[in-house]
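Residue numbers (my numbering): 1245 to 1622.
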Amino acid sequence: GERRDQLEVFADKALKWKALREDQGAAISAGNFSNMVIVQIKASRLDKAQQLILEMEKKGLQPTKQVLFELAFRHYELGDHETAKLCLEEMHKLAGRVDNKGVSQGFTDLLRTVADSHYLHHTRNFREYNTLITDAAREGGVEEVLEWVEEMRYRGQEPNAKTYNGILSSYMNRDDLPMVLEIFQAMQDEEGITPDKATYSILMTAYANGGLLLEAEGLLKTMKEKHGIQPNLFHYATLINAHAKNLDEKEISRIMETINDAGLDAADDKVVFTCIIDNCAKRFYDAEALPMAERWFRKMLDYDVPADRQTYNAMLFLSKYRDLEKFVFYAKMMADDENVEMNNPKTTKHLKDVAGRSEISPQVSSQLSRIINSQCQQ
């Protein structure tokens, strides 16, 4: 009907787009290839779909789990249950989740049969499950995380603190503080799992992302008194990062004093300083951002923490909008720093942006050009 005609049109457009990209010499990603394959399958063009899959394999690209699912379902509908089964077996070797809405009961039964057979012969160990959960959480894939946890339990492996850290992270990355708090409580009350340092880092970040900075800081006391966990620099850096977003230097200085009182040394990890300077760069439109970044840049050097490429680039980005003399100062400083590689896209862009401005003096333009020619050429 009309939907079939639309699918035919989409399938044709996908192949025309592919041909155009190839004519332009542009690479086609595995994701785009997989989308094209799915369109061909839905338009019942299995021959075209198979051609694209073979082309992917020649290029060293892996079809996604959804591609194999759609291919299996289409073969099942055509009565080729054996090929459908082979596709599902390959599908279960891959990480990720699939959208299985709208399939028949018979195909659902086949899915379960293949899954049970696969897990019987391909049992993942505890570490593999936690790695899959952590990777999915990093992308904010709550549904995928929960599916891995469900499978984990189904295979007789009980979650631990690391597993729950993955669940918490997935909700934290979605800024879903209520669910983070609910799961944090459940892991203790229902599972009897004790939070670890990473658990509290996630919880603090979730509070900070929600603007609840007092609650975030209160966890420093809770983790010590309730679970005997000594806060580390990363916990304090989470608080500093939250205050740096608001350019709240008073609060940052107070927390730095707290770090010293706790017997920690801010010089042990540059993250304390880089998060301040990076947040200043994000607030480049604020007149106070550059002076504040400069103060903490100097403090960083006073603590004998070496500046890295990221920090220099933040200072260049800030000063090119606020003070060209300071821009030249930091450009020269970076060029003279033997421990920093200046030849990178961001640095080169900053230098060329300023060197090409009409309002700068010929002398400054010449200085920047010399730096570009000596430091930023292949």
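A virtual CB, placed ideally from N, CA and C, is assigned to each residue, including glycine.
Report, in whole angstroms, the separation of the C-beta atoms of residue i and residue j, which I expect to be a contact under 8 Å.
i       : j       : result
Ala1442 : Ala1452 : The pair is not a contact, with the Cβ atoms about 15 Å apart (cut-off 8 Å).
Cys1331 : Leu1315 : 5 Å
Leu1534 : Arg1566 : 5 Å
Gln1284 : Leu1296 : 7 Å
Val1572 : Gln1611 : 6 Å
Ala1488 : Ile1499 : Not confirmed; about 10 Å, so no contact.
Val1386 : Arg1418 : 6 Å
Leu1560 : His1594 : 4 Å
Ala1274 : Met1300 : 7 Å
Compute the distance between the beta-carbons of residue i and residue j, then report whether it is under 8 Å.
i       : j       : result
Tyr1444 : Leu1463 : yes
Ala1510 : Ile1521 : no
Ala1537 : Ala1558 : yes
Ile1377 : Gly1410 : yes
Phe1428 : Leu1456 : no
Thr1327 : His1319 : yes
Thr1449 : Thr1482 : yes
Leu1477 : Asp1530 : no
Ala1405 : Pro1439 : yes
Glu1435 : Pro1403 : yes
Between the options, which has its C-alpha nearest residue i's C-alpha?
i       : options                            : result
Arg1601 : Glu1395, Lys1564, Phe1528          : Lys1564
Ile1604 : Met1577, Leu1568, Gln1250          : Leu1568
Ala1525 : Ala1506, Ile1484, Gln1554, Ile1499 : Gln1554
Met1577 : Ala1551, Arg1248, Gly1385, Ser1609 : Ala1551
Asp1513 : Arg1527, Leu1322, His1479, Tyr1415 : His1479
Arg1382 : Leu1421, Ile1272, Tyr1415          : Tyr1415
Gly1507 : Pro1475, Tyr1547, Val1515          : Pro1475
Leu1412 : Ala1430, Glu1395, Tyr1398, Met1396 : Ala1430
Arg1248 : Ile1272, Glu1582, Asp1267, Arg1289 : Arg1289
Lys1692 : Asp1256, Leu1458, His1325          : The displayed coordinates of the chain run from 1245 to 1622. Any statement about residue 1692 would go beyond what the structure contains.
Asn1374 : Thr1407, Arg1397, Glu1391, Glu1395 : Thr1407
Lys1543 : Asp1324, Asp1505, Glu1493          : Glu1493
Lys1302 : Ile1272, His1325, Glu1321          : Ile1272
In chain order, what residues of the same chain lie with their CB nearer than 6 Å to the CB of residue i, ignoring the 5 residues before and after it?
i       : result
Met1467 : Tyr1444, Ile1473
Ala1380 : Glu1388, Val1389
Lys1286 : Leu1251
Gly1400 : none
Phe1528 : Leu1562, Tyr1565
Gly1454 : Leu1421
Phe1254 : Val1283
Ala1258 : Met1280, Val1283
Got a sec? Which residues, its chain only, sit under 7 Å from residue i by beta carbon, not counting five neighbours each side?
i       : result
Val1608 : Leu1568, Val1572
Val1598 : Lys1564, Leu1568, Phe1571, Ile1604, Leu1612
Leu1364 : Because Leu1364 carries a pLDDT of 43, less than 50, the predicted location of this residue cannot be relied on, and the following value inherits that uncertainty. Here the set comprises nothing.
Lys1590 : Asn1557
Arg1471 : Residue identity check: residue 1471 is His in the sequence provided, not Arg. So the list reads Thr1438, Pro1439, once near-sequence residues are dropped.
Pro1606 : none
Leaving out the 5 sequence neighbours to the left and right, which residues in its chain are closer than 8 Å to residue i when beta-carbon positions are compared?
i       : result
Gln1432 : Thr1438, Pro1439
Ile1484 : Ile1496, Ile1499, Met1500, Val1516, Cys1519, Ile1520
Gln1622 : Confidence in Gln1622 is poor, its pLDDT being 44 and thus under 50, which makes the residue's placement too unreliable to answer from.
Met1423 : Tyr1415
> Can we say the region 1275 to 1284 touches the region 1253 to 1262, given the rule of at least three CB pairs closer than 8 Å?
Replying inline: yes
> Does the region 1586 to 1602 touch the region 1610 to 1620, meaning 3 or more C-beta pairs lie closer than 8 Å?
Replying inline: yes
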